[in-house]
Structure formats: structure tokens, C-alpha cells
Amino acid sequence: MLSLTPNAWIALATALGVLALLAGTRIPAELVMLGALLALVATGTLTTTQGLGGFANEGMLTVAVLFVVAAAMQRSGAMQLLARPLLGRAAGPRLALLRLTLPVAGLSGLLNNTPLVAMLMPMVIDWGRRIGVSPSKLLMPLSYATVLGGMLTTIGTSTNLVVVGLLVQAGYPAPGLLWPTLLALPVIAIGLGTIILLAPRLLPDRVPADGDPFGDPRQYTLAVEVEPGGSLDGKPLSAARVGDHGVMPVEIQRGSDVIPAPGPDLVLHGGDRLLVAGPAAGVLATDTVPGLSRAAVEPLGATPGPNGRRRLFEVVISDRCPLVGCTVGDGEFRARYAAAIIAITRHGASVARSGAWVLQPGDTLLIEARSAFARDPSHAHDFWMVAERSHQAPPPRTHAWVAMAVMAGMCLVAASGVTSMLWAGLAAALAMIGLRLLPVSEARSAIDLPVLVTIACALALGRALEATGAAASIAGGLVGLGSEQPWLALALVYATTAITTELITNNAAAALLLPIALATAQQLGVSWEPFAIAVMFAASASFATPIGYQTNLMVWGPGGYRFSDFLRLGVPIQLIVGTATVVLIPMVFPFVG
344 MLSLTPNAWI
354 ALATALGVLA
364 LLAGTRIPAE
374 LVMLGALLAL
384 VATGTLTTTQ
394 GLGGFANEGM
404 LTVAVLFVVA
414 AAMQRSGAMQ
424 LLARPLLGRA
434 AGPRLALLRL
444 TLPVAGLSGL
454 LNNTPLVAML
464 MPMVIDWGRR
474 IGVSPSKLLM
484 PLSYATVLGG
494 MLTTIGTSTN
504 LVVVGLLVQA
514 GYPAPGLLWP
524 TLLALPVIAI
534 GLGTIILLAP
544 RLLPDRVPAD
554 GDPFGDPRQY
564 TLAVEVEPGG
574 SLDGKPLSAA
584 RVGDHGVMPV
594 EIQRGSDVIP
604 APGPDLVLHG
614 GDRLLVAGPA
624 AGVLATDTVP
634 GLSRAAVEPL
644 GATPGPNGRR
654 RLFEVVISDR
664 CPLVGCTVGD
674 GEFRARYAAA
684 IIAITRHGAS
694 VARSGAWVLQ
704 PGDTLLIEAR
714 SAFARDPSHA
724 HDFWMVAERS
734 HQAPPPRTHA
744 WVAMAVMAGM
754 CLVAASGVTS
764 MLWAGLAAAL
774 AMIGLRLLPV
784 SEARSAIDLP
794 VLVTIACALA
804 LGRALEATGA
814 AASIAGGLVG
824 LGSEQPWLAL
834 ALVYATTAIT
844 TELITNNAAA
854 ALLLPIALAT
864 AQQLGVSWEP
874 FAIAVMFAAS
884 ASFATPIGYQ
894 TNLMVWGPGG
904 YRFSDFLRLG
914 VPIQLIVGTA
924 TVVLIPMVFP
934 FVG
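Encoded structure:
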């Protein structure tokens, strides 16, 4: 039985509540963490100053300025300039994976993972088709490579910066930019080698390697309406010949009645809503059938206004989209984005009923919108772009070179120790804006406020666990389980963090486990560094599920993956990378230093 003070019990109960809510509900992480902060301050477990301290934490503020730097790199074309030459011809999937994962891992050490994957997804899909390799063989490795590459530096992911911020807050020396690099290099090599060896065998060919970008086996769903008095009113379903377009009738909604799996002899009535499912190209062609019209969707074509031309976009719903949980037919999507949902697919399978389409993170949508849709900064956190049918002019090549020079200067200044990453990043962000590589409006949109709120509140929760003694008590249990052997205790810390990060956000997992890891090191009388780096790596090493890491969620739908595909490839990678990390940590960061 743990011997804890009342405040320690409150801190522990709050941490367990956060874990349960993040793992078992769809409540946004920032709201859960704000509720936890309120509970800690209201009960007196933390003072107001302590509770708000996370919002002034150097690590959290560094994340904010690096969002702006990453947005400028993306908008200037610098990311494309860096990535395109590395994606050339490749003889077979393994060479393709080698050419893809090595540069991506390198870029991920300096750039935020989410915009990196968002920018590279369309390029990788097109590249895969050009070289005859299914995009479903490439997109999951793309995500995994960014996860591994994020371990290279302390700015590789927001999780690393959370760990740095917590260490500074706890009075430990601030790790430099390259603190994790010596350990990360062999771990990344082992991880990428495992991906290149296993992915061609274990990943399916679910998305075709050639043909129409929308002509893949992912099952989109579309509702079409039987025109009253039209050529199909009173005719059997077989007369519609929708099967000629490679789609299948799923159900008919007739008033308040639903007729599932309608047969070819079923007589259609004017006003019937016919739900069809199939490849995107097929469902888009269905509303050209005489007597059918697309239900509740504006027709393709020109619309008035300066951005009058309307185009098709394929987008993935992010976990921060405000319409998650809303039904498609209630008009909110059109009102908010001036766009119409044409068809929807959920992780490669059609959604059962169009009338009850409830948007979820990871849904892939075909939408019709004005050509300016993709450039609207207010959409930056709501969607991840997969394919765009527009031809906007690329930025001048000089913008890309200038952005790369600013980025390189930021890294050199931070690595040299002249100033901290916060001030180097702030100078780089201001330079990007001042040089007109990024408009001020897009700079504001690039700052992901929900992530920053989550980090700040997680830092407060971590402080509560440490200050009340709850972390020390849990650490005592880990030390006992590890038979007071540092290596066993280290393995337990890593495994606990890795499991936790698959269930909740990686930033929250790091904030919850780092105080426990530091207390474990203190009780064992060994260096704090092995335990801190174990939390840093384990919190980012999310491979086994599509929901544990944002980039996994991003590729889930476009890759046509099923949940089991992540388990099939991700679990072996998780075990191999985890084992390698635990074995190598004491060699790079000795227990006695």
C-alpha cells in the first residue's frame, strides 16, 4: 500500500483520470488537461503560480516558435526542394523504402513531424505510382521514419521539448540540441533496417501503383437522389446500371424508412436517396446516370467570386477538426468551409449510411471546394491534404534557399551554445516573416494552440506528481520490481512509457512518466540521464496503433490500411526498437556518471 499525503493522492488520482479520459473517450486532449490543471489548483495541490508555470516553460514556447519555422519551410517550397531529388528511380520496394526513409528520418530531426508528413504524402503517393510501388507499401514506413528521425535532436518532436522543459523545471541542466544524437543514430539504423526488411512482406497492396489517383479500392460512399418524374422514377434499380461504374448499391433511404442491400428488382421512387459504395472514380461517375442527381451537393463547375473555379480535394480529417462528431448532412461542413463533401471513406472501408455519417479523425473525404481551399490558413489544423486537383504556381526557388539558410543558421546557433533553442527559433521565425517567406496570418495559424495548451497543462501535472511525492512512491515500486537493478528498472520505465503513449498523447505520456523516471534514478543513486532519455525515446516510439501518434493517423486512410496492419508491422518494430534502445542507453549514458 502506497503511503502518500492527501495532495499526493489527489495528484495520482488526477493523473489516472487523465489517462482514463484520454484513452477511453474522444474528449480533446487540451480540455482533459485543462480540467486536470483546474482540479490541481482548486484542491490546493498546486499554487496558481505553479499551475500556470507550464505556460511560461521554455520547452513549450520553443514548440510554438518551431511551428512557425516549419510552416515557413513548407510554404517556401524548401521541404519539396530537399525531398524531391532524393526520390528518384528505385528498383523494387526495398530500394524505394531505403530512398524514402533515410532522408525523411534526417529531415525529421530538424522539422516537426506533422507538417513533414503532410507535405510528403502527396509526393510519396505520386512517386510510388511512377515507380510501380503501391503507396500502401510506402505511407506507413513514411510515418515510422519520421517517428524514428524525431529522436535525432532535442527539437525533433514536441515530445523531446516537453522532456527538456520538464528537466529544466526540475532543476536539471538543459540538454543541448544534439544530446540524444549518439544514441539515436544506432537506434534509427536498427529501426529503418527493420522497416526495409519487413514492410514489403507485411504491408498489403491495398492502393494501386498506377492509374487514376482516385481509382483505388478504398470504398467511398456517396448518396444520390432519384429525380421525381425522371427517367428512373418507377423503374427497377437494375435500370440505373450503377454497377457499370464499379459501384454497389448499399441501401435506399425512402422517407423515414431504410431499405438495406436493395435487390435489382426493387422499384425506385422519386425522392429516394440511393447510397452507393465503391472506388472514388466510380462514385463520382454515378451522378452522371440519367435520372440520378447527387444528393444535397452543388454541381461541379464554376461558381462566382475571385476564386470561382471549384476543384476536387482529397483530405484526411485531423483529430483537431471542430466538426469531429458532427453528421455530414447537417450543413455545418458547408457553412464552415464553403465546401461540399462528395464522398467519404473510413480506413479503406465504406461508411454504412450516408444519413448518419459522423465525422471521425482519420476519415478520408472527397470534397469539392474553391481553388483557394488548400491555401486557407484557417484550415491548417482541421485537415491533412492527400491530393489536390489544382495548379497553383509554386513559390520562387529563391524563397526555398533563403528558408533553408535561415533554418541552418538557427540550428548552428543553437548547437554552438551561443543561445538557447527558444531564442534561436524565435529569431528564425521572425526572419521568416520579415523576409516575406510566411505571411503573418499563416504564422498565427501555424501555432497549434491545442498542442501548446496540452503541453503546458501536462507540465503542471508532471510537477504535481513530483512535488507531492507521488512520483517518488511509484518509483519505489518500480525499483522493487526491478530488484534494485538499474537496467531492469530502466526497462520497466521504457516499457511503461511505450505502453502509455499508445493509449494517450505522446506529450502527456512524457509529462506523466518523466517525474517517475527521475525519482527512480534518484532512489537507485544513479545518473538521471539514462532514465530521462528512455522516457524521451519511448514516448515517441509509437508504432503499434494508428491512434498513438498523429502521423500514423494521417496515413491510415490514404494508405487504405486496417488497424491490424499497424499491429502486424508496428509490434515487431516496437519490440526491436525498444530492446535496442534499452540495451544501448547505458552504453551511451552510463548509470554512474
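To convert, take the position in the sequence shown, counting from 1, and add 343; that gives the numbering used here. Every residue, glycine too, gets a C-beta built ideally from N, C-alpha and C.
Cβ distance (whole Å) where residue i is taken to contact residue j below 8 Å
i	j	result
D615	S661	Between S661 and D615 the Cβ distance is about 34 Å, and since that is not below 8 Å, they are no contact.
A351	G823	That pair is no contact at about 18 Å.
G577	V619	So it is not a contact: roughly 20 Å between Cβ atoms.
V476	A772	Actually they are not in contact, since the Cβ atoms of V476 and A772 sit about 37 Å apart, beyond 8 Å.
L912	L463	With a Cβ gap of about 19 Å, L912 and L463 do not count as contacting.
V306	V869	The structure shown does not extend to residue 306, since the chain spans only 344 to 936, so no value can be given for it.
V796	L377	7 Å
Residue environment, residue i, which counts as buried when at least 16 other CB atoms sit within 10 Å
i	result
F909	buried
I919	buried
T489	buried
D469	exposed
V749	buried
I370	exposed
P349	exposed
R663	buried
Q512	buried
V701	exposed
D791	buried
D719	buried
D706	buried
S451	buried
S907	exposed
T848	buried
A686	buried
G651	Residue confidence for G651 is low, a pLDDT of 41 falling below 50, so the modelled location carries little weight and cannot support an answer.
P649	Note on P649: pLDDT 37, under 50, position unreliable in the model; no value is reported.
L835	buried
T922	exposed
P478	buried
V419	For the record, residue 419 in the displayed sequence is Ser; it is not Val. Buried.
H734	For H734, the pLDDT reaches just 44, beneath the cut-off of 50, and the residue's location in the model is therefore unreliable, leaving the point undetermined.
P605	buried
A678	exposed
Q828	exposed
T392	exposed
A645	With a pLDDT of only 33 at A645, under the threshold of 50, the placement of this residue in the model should not be trusted; the figure read from the coordinates follows. Looking at its Cβ environment, which holds fewer than 16 other Cβ atoms inside 10 Å, A645 is exposed.
Contact under 8 Å by Cβ, residue i with residue j
i	j	result
L861	F874	yes
P523	T497	yes
V361	A851	yes
A758	L409	no
L383	G397	no
S486	V794	no
A372	L365	yes
G902	M483	yes
V925	Y837	yes
S380	A803	Reading off the sequence shown, one finds Leu at residue 380, where the question assumed Ser. Taking 8 Å as the Cβ cut-off, L380 and A803 qualify as a contacting pair.
T405	G768	yes
L430	L443	yes
V569	G613	yes
G449	G492	yes
V530	T629	no
L780	V745	yes
A517	L510	yes
T894	V460	yes
P592	L617	yes
V658	I602	no
C754	L424	no
L635	A583	yes
A832	A884	no
Would you call the segment 395-415 and the segment 783-795 touching, i.e. three or more CB-CB distances under 8 Å? yes
Segment contact flag, the segment 843-858 with the segment 505-519, C-beta cutoff 8 Å, min 3 pairs: yes
Going along the chain, which unbroken runs of the beta strand (DSSP E) with 3 or more residues stay wholly within the segment 784-871? none
When you compare the segment 898-917 with the segment 535-543, are there three or more beta-carbon pairs, one atom per stretch, that lie closer than 8 Å? yes
Would you call the segment 514-531 and the segment 808-819 in contact, with 3 or more CB pairs under 8 Å? no
Ignoring anything shorter than 4 residues or poking outside the segment 360-404, list the alpha helix (DSSP H) runs there in chain order. 372-385 and 391-395
Output the residue ranges of the alpha helix (DSSP H) runs that lie fully inside the segment 467-510 and measure 4 residues or longer, sorted by chain position. 482-492
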